[in-house]
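The numbering of the sequence shown is our numbering, which starts it at 252 and goes up by one.
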Amino acid sequence: MDSTTKQKVAVVTGSSKGIGRAIVLRLERDDFFVYVTYFTDKAGGQSTADEIKKAGGKCSLQKLDVSDEKSVTQLMSLIDNEFGHLDVLVNNACRDVSKSIEDSTYAEWKLAFDTKVHGAWLCTKYAIPLLAKSKNANVIVISSSADERPGPEILSYAVATGATNSFVKAIAPYLPKYGIRVNAVMPGEVRTANWGELEKDDKLWKEFAENNPMKRVTTPEEVADAVMILINDPHKFLNGNFLFVNGGGHLK
Ligand SMILES: NC(=O)c1ccc[n+]([C@@H]2O[C@H](COP(=O)([O-])OP(=O)(O)OC[C@H]3O[C@@H](n4cnc5c(N)ncnc54)[C@H](OP(=O)(O)O)[C@@H]3O)[C@@H](O)[C@H]2O)c1
Numbered sequence: 252m253d254s255t256t257k258q259k260v261a262v263v264t265g266s267s268k269g270i271g272r273a274i275v276l277r278l279e280r281d282d283f284f285v286y287v288t289y290f291t292d293k294a295g296g297q298s299t300a301d302e303i304k305k306a307g308g309k310c311s312l313q314k315l316d317v318s319d320e321k322s323v324t325q326l327m328s329l330i331d332n333e334f335g336h337l338d339v340l341v342n343n344a345c346r347d348v349s350k351s352i353e354d355s356t357y358a359e360w361k362l363a364f365d366t367k368v369h370g371a372w373l374c375t376k377y378a379i380p381l382l383a384k385s386k387n388a389n390v391i392v393i394s395s396s397a398d399e400r401p402g403p404e405i406l407s408y409a410v411a412t413g414a415t416n417s418f419v420k421a422i423a424p425y426l427p428k429y430g431i432r433v434n435a436v437m438p439g440e441v442r443t444a445n446w447g448e449l450e451k452d453d454k455l456w457k458e459f460a461e462n463n464p465m466k467r468v469t470t471p472e473e474v475a476d477a478v479m480i481l482i483n484d485p486h487k488f489l490n491g492n493f494l495f496v497n498g499g500g501h502l503k
């Protein structure tokens with residue numbers, strides 16, 4: 252089989268639910284074999300994998316802790332054995348605790364860094380040899396614009412997001428030497444479990460929509476479509492971009 256007919260392979264970290272789930276479902280529609288990964292929510296991961304299979308797609312469900320080097324290397328070894336290459340890595344996984352500096356423990360402060368920053372570093376590092384074997388290798392980082400207005404109530408998330416964006420700025424000009432493009436997708440507010448109790452707060456979501464220039468919030472499917480725009484760039488020249496999917500909310 253020559254490289255143009257190779258099975259396209261993608262990994263999306265944190266695809267048991269939310270935005271990650273929408274991304275793997277979208278990748279399946281583009282004929283990717285997807286590694287669906289969960290950390291604590293095996294049932295969520297299974298339901299995502301079942302939906303892919305129901306649609307006629309191919310996937311593998313794997314447990315992954317992006318902050319654990321062994322867990323990351325095990326997944327990359329599995330992909331190496333099963334396919335020998337990787338086309339797309341989406342660094343999406345996140346867990347954080349939104350508390351003020353006084354109320355946070357050190358462990359809570361570190362959570363966002365462990366997932367967003369150390370997770371993206373570990374997954375990217377160990378995916379490089381596999382991505383280097385693809386003809387259209389992409390690292391996509393699901394980031395956010397939280398660092399532009401780093402409020403004290405989302406301190407760890409905002410500061411970790413700033414580090415994530417610096418990571419993209421540093422490696423996007425560096426990884427093309429392996430044929431790898433790196434881009435970030437910047438969603439606006441998306442109603443997911445990431446918001447904890449606030450996910451159920453209808454008043455808050457109405458306010459978010461009212462404050463948006465286009466009077467609505469972002470959907471997980473819109474984030475997934477933005478990922479595909481970057482991957483499917485016909486010129487393979489989009490690199491180092493921060494694609495906002497928020498109706499222009501970051502400019503307000
Ligand atoms: N929701 C928003 O408004 C919004 C806005 C801008 C940017 N984003 C970004 O979008 C991404 C996805 O957010 P979301 O809203 O979809 O969150 P979510 O619904 O809470 O999903 C988070 C995912 O990350 C996984 N995860 C957590 N800790 C992990 C770890 N240590 N190792 C591997 N996976 C781990 C979770 O797995 P388990 O549940 O299986 O443990 C879950 O699949 C995040 O990077 C977030 O910063 C979200």
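C-beta: ideal position from N, C-alpha, C; glycine also.
Residue i to residue j span [Cα, whole Å]
i: E440; j: S394; result: 12 Å
i: S351; j: A414; result: 19 Å
i: D365; j: A344; result: 10 Å
i: I379; j: Y408; result: 26 Å
i: E450; j: T443; result: 6 Å
i: Y429; j: I391; result: 15 Å
i: G265; j: K305; result: 20 Å
i: K257; j: A383; result: 14 Å
i: P471; j: D354; result: 31 Å
i: S385; j: D338; result: 5 Å
i: K466; j: F493; result: 22 Å
i: R346; j: K268; result: 12 Å
i: Q297; j: L312; result: 7 Å
i: L276; j: K321; result: 27 Å
i: A358; j: L406; result: 14 Å
i: S254; j: H336; result: Caution applies to S254, whose pLDDT of 46 falls short of 50 and renders its modelled position unreliable; the model cannot decide the point.
i: F488; j: T356; result: 43 Å
i: W446; j: D452; result: 10 Å
i: D282; j: T299; result: 16 Å
i: D292; j: W360; result: 22 Å
i: N463; j: N416; result: 23 Å
i: K457; j: E448; result: 15 Å
i: D398; j: I303; result: 34 Å
i: V263; j: N387; result: 16 Å
8 Å contact criterion, which residue i and residue j should meet: CB distance rounded
i: A411; j: V368; result: 5 Å
i: F334; j: W372; result: F334 to W372, Cβ: 23 Å. No contact.
i: Y377; j: M437; result: Actually they are not in contact, since the Cβ atoms of Y377 and M437 sit about 25 Å apart, beyond 8 Å.
i: F290; j: C310; result: Between C310 and F290 the Cβ distance is about 17 Å, and since that is not below 8 Å, they are no contact.
i: I274; j: N389; result: Rounded, the Cβ-Cβ distance is 12 Å, inconsistent with contact.
i: V341; j: V478; result: 6 Å
i: H501; j: S396; result: 5 Å
i: L381; j: D331; result: 6 Å
i: V468; j: V496; result: With 8 Å as the limit, V468 and V496 do not qualify as a contact, their Cβ atoms being about 11 Å apart.
Coil, strand or helix - residue i by DSSP
i: N342; result: strand
i: A475; result: helix
i: L494; result: strand
i: V275; result: helix
i: V505; result: Examination of residue 505 is not possible in this model, given that the chain is present from 252 through 503 alone.
i: D331; result: helix
Residue burial classification, residue i (beta-carbon count within 10 angstroms, cutoff 16)
i: D301; result: exposed
i: G499; result: exposed
i: G402; result: exposed
i: Y425; result: exposed
i: N542; result: Lying before the first or after the last residue shown, residue 542 is absent from the chain, which here runs from 252 to 503.
i: K454; result: exposed
i: P485; result: exposed
i: G271; result: buried
i: T324; result: exposed
i: A261; result: buried
i: R432; result: buried
i: G370; result: buried
i: L329; result: exposed
i: A294; result: exposed
### Task
Entirely within the segment 403-458 and at least 4 residues each: give me those alpha helix (DSSP H) ranges in chain order.
406-422, all fully within the segment 403-458.
### Task
Mind listing, in chain order, the continuous alpha helix (DSSP H) runs of no fewer than 4 residues lying wholly within the segment 346-397?
Runs of the alpha helix (DSSP H) inside the segment 346-397: 357-363 and 370-382.
### Query
Which full runs of the beta strand (DSSP E) of 3+ residues lie inside the segment 279-314, going along the chain?
Runs found: 283-289 and 310-314.
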